[in-house]
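Final position of the sequence shown in the numbering used here is 812; the numbers increase by one with none missing.
Beta carbons are placed, not taken as given, at the ideal position from N, Cα and C, and that holds for glycine.
Because the structure is a prediction, the values reported are computed rather than measured.
So the structure is just underneath, and the comments pick up after that.
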Amino acid sequence: MSAAPARRASPLRALVRNPLALAGAVLLALMLAALTAAFVIGWTDPSATTRANLYLLNAPPGTPGHLLGTDNGGRDVLVRLVAATKPTMLSAALALTVAVGLGVPAGLVAGYYAGRTDMVLEWLAGLAMSLPSLMVLMAIIAGLGTSMWISMTALGCMMAPAVFRLVRAQVHAVRRELYIDAARVSGLGDARIIARHVLRVVRAPVILMVAFLSGVAVTVQTGLDFLGLGDPATVTWGRMLGEGFDALDTNRVLFVWPGLAMTLTVLSFFLLGNGVRDALQSVDAASRTGGPKRSPGTRRAAPGVPAEPEAPAPGEMLRVRNLAVGYPDASGDFKEVVRGVSFGLRAGRTLGLVGESGCGKTQTAFALLDLLPRRARLLSGEIRVDGVDVLGLPRDRAGRLVRETIAYVPQEPMSNLDPAFTIGFQLVEPLRARGMGRAAARARAAETLARMGIADPERVLRSYPHQISGGMAQRVLIAGAVTTEPKILVADEPTTALDVTVQSEILDLLRGLRDELGMAILLVTHDLGVVAELCDDVAVMRAGRVVETAPVDAFFRAPEHEHSRALLAAVPDEDHVRPDYETEVPAPRRDGGGAGRPGAANTSGGGTGR
203 MSAAPARRAS PLRALVRNPL ALAGAVLLAL MLAALTAAFV IGWTDPSATT RANLYLLNAP
263 PGTPGHLLGT DNGGRDVLVR LVAATKPTML SAALALTVAV GLGVPAGLVA GYYAGRTDMV
323 LEWLAGLAMS LPSLMVLMAI IAGLGTSMWI SMTALGCMMA PAVFRLVRAQ VHAVRRELYI
383 DAARVSGLGD ARIIARHVLR VVRAPVILMV AFLSGVAVTV QTGLDFLGLG DPATVTWGRM
443 LGEGFDALDT NRVLFVWPGL AMTLTVLSFF LLGNGVRDAL QSVDAASRTG GPKRSPGTRR
503 AAPGVPAEPE APAPGEMLRV RNLAVGYPDA SGDFKEVVRG VSFGLRAGRT LGLVGESGCG
563 KTQTAFALLD LLPRRARLLS GEIRVDGVDV LGLPRDRAGR LVRETIAYVP QEPMSNLDPA
623 FTIGFQLVEP LRARGMGRAA ARARAAETLA RMGIADPERV LRSYPHQISG GMAQRVLIAG
683 AVTTEPKILV ADEPTTALDV TVQSEILDLL RGLRDELGMA ILLVTHDLGV VAELCDDVAV
743 MRAGRVVETA PVDAFFRAPE HEHSRALLAA VPDEDHVRPD YETEVPAPRR DGGGAGRPGA
803 ANTSGGGTGR
């Protein structure tokens with residue numbers, strides 16, 4: 203079964219799966235529904251908010267015909283509360299539009315172009331943020347009047363520097379990325395680069411900032427009306443709060459309703475903003491690492507339906523066919539770094555995946571382990587583990603199959619052990635995650651370390667990574683990989699950082715584990731000496747392709763591909779040893795002259811370097 207992409211990630215689907223974001227969306231939807239109903243019923247008409255029943259002053263909530271009661275003027279609280287939603291939301295929307303409309307373009311320009319433009323805009327933003335916002339706002343209201351349009355426009359101008367600085371910082375972080383440089387080199391204009399590449403990075407934090415500023419705008423607008431600095435002819439939540447505070451002695455719940463409405467509104471903004479940000483980030487991650495790009499002729503098992511097992515070759519544990527891995531380029535298309543890779547691996551045998559740096563061998567191994575970087579995508583291919591098509595399974599089942607079947611030994615052992623935790627913790631916790639008790643897991647870890655040739659396993663379990671040698675750290679990594687008794691072991695340059703003696707010991711250890719456990723080993727390496735000592739078969743890679751696959755004896759005896767012959771020819775042997783140097787070395791001079799300067803060598807004396 204050929205691999206094909208998983209269902210395209212949807213921001214809406216990711217948003218619905220976030221319970222907090224869903225709660226925020228429901229609160230806002232209820233508010234909009236109430237406002238729409240108010241328009242239909244006529245509650246937003248000014249006469250409806252001033253209509254009073256002098257026989258029902260300060261009626262309690264639940265009074266027939268008055269769900270939330272009446273105020274000290276006999277006016278229906280629910281009618282006024284719903285009618286106040288419109289001016290409050292319009293005020294917040296106006297301030298937010300001004301803040302985003304000024305801050306986002308200015309931040310994009312300053313962050314992308316830098317230089318004097320950045321300096322001037324940053325200076326203006328710093329100047330604006332140094333002013334006391336509320337004092338400036340109150341001064342503007344005192345001088346220009348209580349118009350909502352004036353006060354909220356001024357508030358938006360004072361919030362714009364915060365948006366500007368956020369966007370500027372985000373753009374600064376990506377403007378020197380290689381994909382931005384590649385887009386410039388490919389001929390894309392600045393406007394297209396900003397719209398296509400930079401805005402995608404900025405949008406998630408901007409959405410979160412918009413949610414925060416929406417709450418700030420609602421709170422400030424409500425506070426101004428509460429202080430009597432708003433339009434006295436307009437019913438708002440702030441004005442209702444002020445009236446409720448004045449009537450606290452006669453109607454103690456009157457101020458609760460506008461306060462509750464404001465609190466729920468601000469909370470819904472925050473929850474929805476966080477949810478949208480998380481949804482966009484999850485969709486971006488899925489688009490980078492999601493299933494392979496669909497191509498003609500590919501098919502996939504329906505979600506939730508097990509992939510059809512295919513009978514593997516006798517003893518075959520791993521089969522890779524036509525594997526392709528790509529990374530996005532400046533145009534948004536995917537450039538293949540691994541293409542058409544195919545090989546098989548049988549139980550009890552070792553396959554060496556060989557090639558120079560950058561040939562794609564590590565990317566191939568990462569594709570098998572589902573460890574590709576976020577921007578990478580599995581474009582096509584088929585990966586069968588013990589006859590099961592991994593890419594045809596739902597993602598959770600595929601991940602479980604890979605975890606239970608394949609283990610990984612990375613290169614550079616010391617950098618792959620967490621220095622903050624003991625060796626014992628790092629070996630025991632993965633076993634406990636599989637349901638094993640603490641004592642049993644520790645006993646298994648100690649037993650495995652002993653199998654690795656470590657003389658005092660208990661001492662090593664109590665040690666931190668910096669307290670052990672590089673060779674012992676490699677043994678610890680191998681122990682962590684084989685404690686779960688995997689069927690396949692992927693070893694990525696397992697001897698690169700070790701000296702020759704320790705390398706030989708590690709290779710003997712891997713060979714013994716393979717024979718003892720019947721594992722299949724995929725050895726990723728550029729060292730043909732390691733291949734000759736450990737491997738049964740060889741797959742040679744060049745420029746993302748497998749150019750030759752052969753048994754190890756046949757490969758070293760008579761390689762077929764010219765690149766294989768070139769790799770073998772590059773291995774030093776006794777016939778290609780650099781001869782001793784036959785030259786005179788200039789003697790050091792103590793007078794500060796001559797020595798060390800080109801053309802000033804003293805050839806009249808000195809020793810002979812050999």
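- The residue among E558, M638 and L679 with its C-alpha nearest the C-alpha of A772 is E558.
- When C-beta atoms of the region 228-235 are compared with those of the region 401-417, fewer than three pairs fall below 8 Å, so the two segments do not count as touching.
- Secondary structure note for A741: it is in no alpha helix (DSSP H), and the uninterrupted beta strand (DSSP E) holding it is D739 to R744.
- Residue pairing by DSSP places R747 opposite R744 in a beta bridge.
- In the three-state reduction of the DSSP assignment, D480 falls in the helix class, which pools H, G and I.
- Three or more Cβ pairs drawn from the region 259-273 and the region 449-469 lie within less than 8 Å of each other, which places the two stretches in contact.
- Unbroken alpha helix (DSSP H) runs of no fewer than 4 residues, entirely contained in the region 522-580, are found at 563-571, following chain order.
- If you ignore the 5 residues before and after A356, its C-beta comes within less than 7 Å of the C-beta of L339 and I342, all in its own chain and listed in chain order.
- Close CB contacts of A600 within its chain, under the 6 Å cut and outside five residues either way in sequence, are with V592 (chain order).
- Between the region 390-399 and the region 266-280 there are fewer than three C-beta pairs closer than 8 Å, too few to call the two in contact.
- Pairwise C-beta distances place the region 455-473 out of contact with the region 315-322, as fewer than three of them are shorter than 8 Å.
- In terms of Cβ geometry, L724 and C737 do not form a close pair [threshold 7 Å].
- For V740 and A647, the gap between their C-alpha atoms comes out near 32 Å.
- In the DSSP assignment, A406 falls outside any beta strand (DSSP E) and within the unbroken alpha helix (DSSP H) covering L401 to F428.
- In the same chain as E707, and ignoring 5 residues on each side of it, the C-beta atoms closer than 8 Å to its own belong to G655 and G673, in chain order.
- With respect to Q372, V404 sits close: the two C-beta atoms are nearer than 7 Å.
- Taking 3 residues as the minimum length, the beta strand (DSSP E) runs contained wholly in the region 636-700 are 690-694, in order along the chain.
- When only Cα atoms are considered, Y529 and G637 end up about 37 Å apart.
- Non-local C-beta neighbours of K537 in its own chain, meaning closer than 7 Å and more than five positions away in sequence, comprise G528, Y529 and D531, ordered along the chain.
- With fewer than 16 other CB atoms across the displayed protein chains lying within 10 angstroms of its CB, L329 is exposed.
- DSSP places L336 within a helical segment (H, G or I) once states are collapsed to three.
- A check of alpha carbon separations from R576 across G446, P761 and F568 identifies F568 as the nearest.
- Assigned with DSSP and collapsed to three states, T467 falls in helix.
- Per the C-alpha coordinates, the member of D535, T290, D427 and L525 positioned closest to H399 is D535.
- By the beta-carbon neighbour count (other beta carbons within 10 angstroms, threshold 16), L711 is buried.
- Per the coordinates, the alpha-carbon of P774 lies some 15 Å from the alpha-carbon of V733.
- Per DSSP, L719 is one residue of the alpha helix (DSSP H) stretching across V702 to L719.
- Proximity to A435 across V556, R677, A286 and D717 peaks at A286, based on C-alpha coordinates.
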